[in-house]
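Worksheet: the structure to be examined is printed underneath.
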Amino acid sequence: MSVRVIAIDGPAGSGKSSVARALATALGWSFLDTGAMYRAVTVEALRQGVDVHDVTAMGELAREVDVTTLPRVSVNGRDVEDEIRTETVNDAVSIVAANALVRHQMVRRQREFAGAQPLGTVVEGRDITTVVFPNATLKVFLTASLEERARRRGEEGEASVARRDVADSTREASPLRQAHDALVLDTTGREVGDAVEEIMEWLKHKTLS
Ligand code: DC
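For the numbering used here, add 279 to where a residue sits in the sequence shown, where the first one is 1.
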């Protein structure tokens, strides 16, 4: 039996987390925030004093750490939920996420997670539709204007969000890009519930066809 996955990608602040979480709740499916996994590894590296630019050391760390995202984000059993969105982590996480060794470890865990869920999983990130689950049941690419995305990110600011966009979409390892068969949803000025309804409609058509 194939694994049921709704894969959602998009830039920072496009609404991925809120939409994916609400969609999972509406469907009774599991939810996986893959950005939180990269953030958790980053927090642990900073705590252990591992140089985030050291590709081999970071790959080793990513292989060894135990990362869970639910009910709260934790590393090796330590709750880091309140530490993953600091300015320091925002800056360092793009470096960590550009490391192919780290990505390999995270992708393996993401596939394992989805494979173990009884009903299905809504997975959100940057490479979910293109690399992690290219055969997902449904693929969605969320967008929104830079202004609105920065507003949603609160204190992070437009310049920092734009900087992360460039880093995430120009890196060599699994850059953020729109899969050719992903359905695009612009969330600018739209409510979360509205976006969820639209995706549920798409899913209905997909599973009926
Ligand atoms: O979605 P987010 O802002 O929490 O993601 C944190 C960082 O991790 C961001 O710089 C992009 C990166 N990321 C990634 O490269 N691949 C993913 N599947 C998810 C996030």
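Glycine included, C-beta positions come from ideal geometry on N, C-alpha and C.
Given the structure is predicted, the values throughout are model-derived calculations rather than measurements.
* Host alpha helix (DSSP H) of Leu425 (start-end) -> Counting from 1 along the sequence shown, the entry for residue 425 is found at position 146. Unbroken alpha helix (DSSP H) run through Leu425: Leu425 to Arg431.
* Asked: Skipping 5 residues on each side, what residues in its chain have a beta carbon closer than 7 Å to that of Asp330?
  -> For the purposes of this step, residue 330 is taken as the residue at position 51 of the sequence shown. Ala336.
* Please indicate yes or no: does the CB of Gly314 lie closer than 8 Å to some heavy atom of ligand 1? => For the purposes of this step, residue 314 is taken as the residue at position 35 of the sequence shown. At least one heavy atom of ligand 1 is nearer than 8 Å to the Cβ of Gly314, so yes.
* To do: Express the C-alpha separation of Leu380 and Ile478 in angstroms, rounding to a whole number.
  => In the sequence shown, counting from the first residue as 1, residue 478 sits at position 199. In the sequence shown, counting from the first residue as 1, residue 380 sits at position 101. Cα-Cα distance, rounded: 33 Å.
* Asked: So which of Val475, Glu426 and Phe310 has the shortest CA-CA distance to Phe392?
  -> On the sequence shown, residue 392 is found 113 positions in, with the first residue counted as 1. Residue Phe310 is the option with its Cα nearest to Phe392.
* When the cut-off is 9 Å and only beta carbons count, does Thr416 lie next to chain D? -> In the structure shown, chain D cannot be found, because there is only a single protein chain.
* **Alpha-carbon spacing of Ala371 relative to Leu340, whole angstroms** => On the sequence shown, position 92 is the one that residue 371 refers to. On the sequence shown, position 61 is the one that residue 340 refers to. For Ala371 and Leu340, the distance between alpha carbons rounds to 15 Å.
* To do: Taking only heavy atoms of ligand 1 into account, decide whether any of them is closer than 8 Å to the Cβ of Gly404.
  => Counted from its first residue, the sequence shown places residue 404 at position 125. Checking every heavy atom of ligand 1 against the Cβ of Gly404, one is found closer than 8 Å.
* Name the one or two DSSP bridge partners that Val402 has. => Start at 1 with the first residue of the sequence shown, and residue 402 comes out as number 123. Ala286 and Leu311.
* **Of the residues Glu427, Thr422, Arg390 and Leu398, the one placed nearest Asn414, counting alpha carbons only** => In the sequence shown, counting from the first residue as 1, residue 414 sits at position 135. Asn414 has its Cα closest to that of Arg390, out of Glu427, Thr422, Arg390 and Leu398.
* Sort Val368, Asp460, Gly433 and Leu306 by Cα distance to Lys483 and report the nearest one. => The residue you call residue 483 lines up with position 204 of the sequence shown. Here the closest residue by C-alpha is Leu306.
* Asked: With a CB to CB cut of under 8 Å and the five nearest residues on each side skipped, what residues in its chain are close to Glu426?
  -> Walking along the sequence shown from the start, residue 426 turns up at place 147. Contacts found: Glu437.
* **DSSP three-state assignment for Thr422, whether helix, strand or coil** => Mapped onto the sequence shown, residue 422 falls at position 143. DSSP places Thr422 in strand when its eight states are reduced to three.
* Per-residue DSSP class, three states only, for Ser293 -> The sequence position of residue 293 within the sequence shown is 14, counting from 1. If DSSP states are grouped into helix, strand and coil, Ser293 belongs with coil.
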